[in-house]
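Residues 1 to 491 in full-length UniProt numbering are what the sequence shown lists, from first letter to last.
Working notes for the structure below.
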Amino acid sequence: MKSRKMMMVALCAVPLSVLPVVAGAETDRITVEDPATGTVKFKVTSDGNVTAGQYTGDGALLANVAHFKGAWNSALSYAKDDCVSYGGSTYIALQASSNAQPDLAPTSWTVMAQKGAAGAAGTTGATGPQGPQGPAGSPDTQTDILNKIKTQADGAVLAMKQSANDAASTVKLAVKDTSDVNLFQVAAGGNVAIGATTPTSSLTIKNKAEIAGTGVLNASNNGNTITGVGTAFKSQLHIGDTITAAGQTRVVMTIPSDTSITVNAVLSPALSSASFTYSPQSLVKLSDDVNNDKFVVTAGGNVGIGTSTPANALNVVSVAGPVAQFINTVGGSSGAGFVAGSDPGRAVLSGERLGYILLGGSKDAAHTMGNSTGIAGFASENWSSTTAGAYLQFLTTANGGTTRTEKMRVDHNGNVGVGTTSPQQKFEVAGGMRIYAATPPTKPDCSDANIDVATKVRGTFWLTQGGAGVKDSVEVCAKDAAGSYAWRTLY
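Here it is, written out as structure tokens:
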């Protein structure tokens with residue numbers, strides 16, 4: 001390197017000429033002259049030939065002279081003094097090498113000219129012309145679309161807009177089964193359908209058709225327990241579903257296991273390896289966080305609150321407190337009310353029941369209910385726009401029996417009959433009537449001295465029980481002809 005630098009200093013100490021190129025002929029491009037004698041000591045021609053005091057040729061064999069080889073190439077071999085460009089810098093070879101990357105081989109290469117720092121960014125050039133339309137991309141699959149939806153940021157909205165040409169019934173969102181039948185759909189007008197072909201209202205729900213069950217059933221005659229073979233009751237059935245086998249349809253009450261269920265009524269005849277179908281009983285079901293049904297609407301239209309198996313139009317089951325409470329917030333003379341009535345599609349006839357309230361309870365651990373007391377209303381004449389006579393029955397069941405019978409009636413005239421269905425007076429008892437108190441209360445005042453009380457006690461009968469050897473007495477509070485009030489002894 002020292003001799004190379006000395007050579008460069010020597011070149012700078014003598015006149016250096018750069019001559020123009022003459023087309024078509026080799027000409028001298030660089031010459032170095034001795035200033036004392038004017039003798040050319042070194043020259044480079046336009047063809048790259050070099051002539052020196054002791055050498056003539058293409059310069060490849062000159063010692064201590066840089067030989068420019070272009071960009072470094074790992075496939076080439078390089079000799080000492082070869083010069084290459086790499087990574088924006090220029091390197092000169094210190095020794096012969098092959099596949100020695102200049103910036104990683106300091107024993108083979110040294111920097112001759114270091115790459116400079118990046119200059120300041122220039123001004124933005126003018127926008128070029130628009131390129132040609134590219135080819136159409138492949139359409140997104142359903143999975144692609146769903147993945148894009150689920151990865152949206154919080155607050156993103158999926159919107160389906162009704163176009164000007166969409167009818168209100170046009171389906172904008174649908175969930176289909178394997179047969180391409182809509183299970184859930186939302187129409188452009190906002191109506192929702194579940195199980196129905198067309199949403200005809202804000203919410204339309206249609207029950208599923210009967211489904212073929214897995215396995216076969218066995219049950220003894222007059223039994224309500226069904227045993228399955230190859231069945232999957234736990235996954236296929238729910239309490240309240242209907243199940244049909246050998247022409248017998250029952251409601252599922254319990255599901256102890258995949259191979260055992262109980263139903264609401266006994267089976268007769270018995271089942272033996274019988275195939276079966278089932279149908280979800282519930283159109284609508286609201287359950288708590290541990291799957292206890294709180295509100296159910298069955299396929300038959302029955303509504304259950306607190307029960308999965310409503311057997312009537314409305315069944316309400318409560319585990320604590322009042323089963324139902326009716327409150328009127330209007331005030332005044334309105335009050336809270338309960339209305340029940342009969343509408344057979346014609347005028348009610350005399351003797352037809354208008355409505356009833358029955359009270360009862362469970363007879364056994366299988367939840368068999370019995371209603372042993374109640375109140376019923378009946379028409380006492382044929383009804384019309386001007387006639388609507390009616391009477392009330394009060395029914396109870398005697399100890400040791402199971403049948404309700406009428407014990408008291410309030411007839412259409414307001415007469416009360418106990419033990420009779422045709423009371424002729426305001427109060428009539430068919431049988432004895434007892435006045436008795438184990439601990440007699442204080443006898444009310446019936447005297448002129450307390451006339452306000454006497455007028456209210458008037459007509460009251462009073463039994464006074466006598467002690468041992470003393471007879472009982474029966475009195476009535478009455479006014480005599482003079483207008484004086486007193487207890488009058490009847491016995």
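Heads up, the beta-carbon is just placed ideally off N, CA and C, and yes, glycines get one too.
It should be emphasised that the depicted structure is a prediction, and the values quoted were computed from it without experimental measurement.
- [ ] Could you pull out every unbroken beta strand (DSSP E) segment of at least 3 residues lying fully inside the stretch 234-270, listed in chain order?
- [x] 242-245, 248-257 and 260-267
Open item on the list: Taking the straight line between their C-alpha atoms, what separation do you get for Leu359 and Thr421?
Closed with: 22 Å
Task: Entirely enclosed alpha helix (DSSP H) segments - the stretch 75-115, minimum 4 residues - done: none
TODO: Measure the CB-CB distance between Asn328 and Leu267 and report whether it falls below 9 Å.
DONE: no
TODO: Apply the 10 Å Cβ neighbour rule to Val474 and answer buried if 16 or more other Cβ atoms are within range, or exposed otherwise.
DONE: exposed
Task: Extent of the continuous beta strand (DSSP E) run through Val181 - done: Run containing Val181: none; DSSP gives neither H nor E here.
TODO: On the DSSP bridge assignment, give the partners of His367 in chain order.
DONE: In DSSP, His367 forms no bridge with anything.
Open item on the list: Residues in the same chain with beta-carbon distance under 8 Å from Tyr86, minus the five sequence neighbours each way, listed in chain order, please.
Closed with: For Tyr86, where only same-chain residues beyond five positions count, the Cβ hits under 8 Å are Ala71, Trp72, Gln101, Pro102 and Asp103.
Open item on the list: Measuring straight from C-alpha to C-alpha, what distance separates Gly459 and Ala481?
Closed with: Going by the C-alpha atoms only, they are around 15 Å apart.
Task: Cβ-Cβ distance between Glu406 and Leu395 below 9 Å - done: yes
Open item on the list: Cutting at 7 Å between CB atoms, please list the residues of its own chain near Val111, excluding the five before and the five after it.
Closed with: Ser89 and Tyr91
Task: For Thr373 and Thr403, the rounded distance between their alpha carbons - done: 9 Å
Open item on the list: By the three-class DSSP mapping on this structure, what secondary structure does Asn218 have?
Closed with: Note: Asn218 maps to strand in three-state DSSP.
Task: Neighbourhood of Gln325 by C-beta, 7 Å cutoff - its chain only, sequence neighbours within 5 removed - done: Counting only Cβ-Cβ distances below 7 Å, and skipping sequence neighbours, we find nothing.
Task: Proximity of Gly213 and Phe295 at Cβ, strictly below 9 Å - done: Not a contact, by the Cβ cut-off of 9 Å.
Open item on the list: Going by DSSP in three states, Asn224 sits in which element: helix, strand or coil?
Closed with: Asn224 carries a strand assignment under DSSP once its states are collapsed to helix, strand and coil.
- [ ] Taking the CB atoms as reference points, tell me whether residue 493 and Ser342 lie closer together than 9 Å.
- [x] Here the chain has residues from 1 to 491 only, and residue 493 is not among them.
Task: Segment contact flag, the stretch 171-183 with the stretch 236-247, C-beta cutoff 8 Å, min 3 pairs - done: no
Task: Nonlocal neighbours in the same chain, by C-beta distance under 6 Å from Phe68, ignoring five residues either side - done: Cys83
Open item on the list: Looking only at its chain, what residues have a beta carbon closer than 6 Å to the beta carbon of Pro199, apart from the 5 residues adjacent to it on each side?
Closed with: Ala187, Asn191, Val192 and Ala193
Open item on the list: Taking CB distances under 9 Å as the criterion, tell me whether Arg250 reaches chain C.
Closed with: Note that chain C does not occur in the displayed structure, where there is just one protein chain.
TODO: Can you grab the Cα-Cα spacing for the pair Ser279 / His238, in whole Å?
DONE: 10 Å
Task: Segments assigned beta strand (DSSP E), at least 3 residues, entirely inside the stretch 442-485 - done: 461-464 and 473-479
TODO: Excluding the 5 residues preceding and the 5 following Thr262 in the sequence, name in chain order all residues of the same chain whose CB lies nearer than 7 Å to its CB.
DONE: Asn224, Thr225, Met253 and Thr254
TODO: Tell me, please, which residues DSSP counts as bridged to Asp293.
DONE: Ser287
Open item on the list: Less than 9 Å between the beta carbons of Arg409 and Tyr391, yes or no?
Closed with: yes
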